[in-house]
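According to the numbering used here, the sequence shown is numbered sequentially starting from 1.
The block underneath contains the structure these notes are about, expressed in structure tokens.
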Amino acid sequence: MHTRPHKALFPILRHLSDGRFHSGQALADEFGLSRSSIFNILAQAESMGLTLHAVRGRGYRMPEPVEWMDGAVVERHLGAAAGDYSIRVLDSVGSTNSALMAAALEGAADGTLFCAEHQHSGRGRRGRQWHSVPGGSLTFSVLWRFDNGLQSLSGLSLVVGLAIARAVNRYSRHTARLKWPNDILVDYRKLAGILVEVQGDMHGAAFAVAGVGLNVRLNEAQREAVDQAVVDLAEMGVAVGRNKLLADCLLQLREAIGLFRQQGFAGLREEWMALDAYSGRAVALALPNSRSIHGVACGVDETGAFLLRDAQSRLSPFSGGEISLRLDGVR
1 MHTRPHKALF PILRHLSDGR FHSGQALADE FGLSRSSIFN ILAQAESMGL TLHAVRGRGY
61 RMPEPVEWMD GAVVERHLGA AAGDYSIRVL DSVGSTNSAL MAAALEGAAD GTLFCAEHQH
121 SGRGRRGRQW HSVPGGSLTF SVLWRFDNGL QSLSGLSLVV GLAIARAVNR YSRHTARLKW
181 PNDILVDYRK LAGILVEVQG DMHGAAFAVA GVGLNVRLNE AQREAVDQAV VDLAEMGVAV
241 GRNKLLADCL LQLREAIGLF RQQGFAGLRE EWMALDAYSG RAVALALPNS RSIHGVACGV
301 DETGAFLLRD AQSRLSPFSG GEISLRLDGV R
């Protein structure tokens with residue numbers, strides 16, 4: 001949905017997620033609004049994909065409790081590492097990446113994190129829309145600052161994907177694997193997407209904002225709105241709370257980015273390859289210039305470039321493009 005939610009929407013939803021019924025009049029009194037405003041605001045929640053129970057004479061409630069994002073809870077789970085991050089939880093924002101890019105240009109510190117319950121214009125790669133569901137997604141962006149310039153950042157999106165997969169795999173019986181350059185898949189269905197945006201000098205000060213969108217619990221309408229096969233944590237049997245999962249993602253990112261700062265992508269390449277969903281598979285690589293090349297996926301090189309072996313057995317690196325499985329299986 002592209003509409004900006006009413007500013008009272010999320011406070012009301014938090015109020016409703018105790019599992020009890022609240023009458024329209026009680027909500028109107030609590031929030032200083034008219035009953036018709038309450039009705040319209042909750043209709044907005046339904047249009048965003050949230051299901052509410054409304055029973056005449058009893059009022060409204062959320063059918064199942066939602067664990068809302070809470071920066072203090074995330075910090076508690078981070079323990080000693082909490083000092084590495086500055087966490088801001090937003091109810092609704094256009095896009096966490098856009099908001100954090102703007103904050104970075106204003107001087108926000110390394111480790112600044114924006115997490116949002118809802119994005120009304122979330123972005124994926126190549127200008128696609130990223131669908132985030134209030135209470136049903138984990139959507140956040142992290143800012144890192146680097147001294148060695150943009151040239152030192154190749155492979156960063158792969159490092160972010162690896163860290164998120166590590167965090168998910170602590171809880172899942174179904175291994176989360178990686179798709180170059182920035183998707184996390186389970187059985188070739190998309191669980192999470194990553195969007196890394198960088199700015200700065202080639203050899204001086206630079207920064208990167210990494211946005212992560214992870215499916216926690218999608219309903220049917222939300223699945224149909226996405227133009228590819230998706231999976232969520234609920235379907236995978238992963239019941240960990242979103243605040244705990246975010247903390248685990250941040251702990252894994254702290255470790256992976258620390259190593260990346262010292263060794264570049266080369267230090268994490270082997271671990272990334274071990275989770276590569278496409279290695280050894282016949283694929284088509286759609287290049288940014290609209291050309292398409294067929295071959296066998298052979299992992300990634302030390303810089304994070306995708307390696308493709310063509311029909312003449314030549315191995316070539318590619319730093320941009322999109323891969324898909326070739327269903328004919330031709331090698």
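Ideal Cβ positions, reconstructed from N, Cα and C, are used throughout, including at glycine.
Do residue i and residue j have their C-beta atoms within less than 8 Å of each other?
| i | j | result |
| --- | --- | --- |
| residue 145 | residue 277 | no |
| residue 86 | residue 109 | yes |
| residue 332 | residue 153 | One cannot answer for residue 332 here, as it falls past the ends of the chain, which runs 1 to 331. |
| residue 264 | residue 155 | yes |
| residue 307 | residue 301 | yes |
| residue 235 | residue 286 | no |
| residue 38 | residue 27 | yes |
| residue 117 | residue 10 | yes |
| residue 100 | residue 141 | yes |
| residue 150 | residue 104 | no |
| residue 215 | residue 137 | yes |
| residue 57 | residue 22 | no |
Note down the Cα distance separating residue i from residue j, rounded to an integer number of angstroms.
| i | j | result |
| --- | --- | --- |
| residue 280 | residue 20 | 53 Å |
| residue 261 | residue 173 | 31 Å |
| residue 257 | residue 206 | 15 Å |
| residue 190 | residue 17 | 28 Å |
| residue 112 | residue 90 | 13 Å |
| residue 72 | residue 46 | 28 Å |
| residue 226 | residue 49 | 13 Å |
| residue 98 | residue 171 | 30 Å |
| residue 217 | residue 223 | 10 Å |
| residue 319 | residue 305 | 5 Å |
| residue 84 | residue 259 | 15 Å |
| residue 33 | residue 247 | 36 Å |
| residue 220 | residue 233 | 15 Å |
| residue 25 | residue 36 | 10 Å |
| residue 325 | residue 231 | 18 Å |
| residue 115 | residue 237 | 24 Å |
| residue 239 | residue 107 | 37 Å |
| residue 303 | residue 181 | 12 Å |
| residue 270 | residue 31 | 54 Å |
| residue 179 | residue 204 | 30 Å |
| residue 70 | residue 29 | 25 Å |
| residue 245 | residue 312 | 45 Å |
Is it buried or exposed, residue i, if we count other Cβ atoms within 10 angstroms and call 16 or more buried?
| i | result |
| --- | --- |
| residue 7 | exposed |
| residue 61 | buried |
| residue 202 | exposed |
| residue 126 | Summary for residue 126: the model assigns pLDDT 49, below 50, so the residue's position carries little reliability, and this model does not support an answer. |
| residue 242 | buried |
| residue 337 | With the chain covering 1 to 331 only, the question about residue 337 has no answer from this structure. |
| residue 327 | exposed |
| residue 187 | exposed |
| residue 352 | No statement about residue 352 is possible, as the shown extent of the chain runs from 1 to 331 and does not include it. |
| residue 330 | Confidence at residue 330 is low in this model, with a pLDDT of 46, below 50, so its placement is unreliable and the value that follows should be read with caution. So residue 330 ends up on the exposed side. |
| residue 147 | exposed |
| residue 192 | buried |
| residue 175 | exposed |
| residue 183 | buried |
| residue 289 | exposed |
| residue 292 | exposed |
| residue 12 | buried |
Closest to residue i by CA distance: which of the options is it?
| i | options | result |
| --- | --- | --- |
| residue 67 | 296, 14, 42 and 25 | 14 |
| residue 93 | 75, 70, 69 and 120 | 120 |
| residue 273 | 33, 53, 162 and 31 | 162 |
| residue 295 | 310, 51 and 139 | 310 |
| residue 314 | 287, 99, 224 and 297 | 297 |
| residue 213 | 139, 179 and 157 | 139 |
| residue 64 | 135, 36 and 106 | 135 |
| residue 266 | 292, 159 and 324 | 159 |
| residue 228 | 88, 185 and 30 | 185 |
| residue 95 | 70, 180 and 4 | 4 |
Using a threshold of 7 Å, is the CB atom of residue i nearer than that to any non-hydrogen atom of the ligand FMN?
| i | result |
| --- | --- |
| residue 68 | Absent from the structure shown: the ligand FMN. Ligands present: none. |
Exercise for the section: Evaluate the contact criterion for the region 245-260 versus the region 154-174: three or more CB pairs, one atom per stretch, below 8 Å. Expected result: yes
Problem - At least 3 beta-carbon pairs within less than 8 Å: the region 190-199 vs the region 279-299 - result: no
Practice task
Could you tell me whether the region 77-85 touches the region 30-46, using the rule of 3 or more Cβ pairs below 8 Å?
Solution key: no
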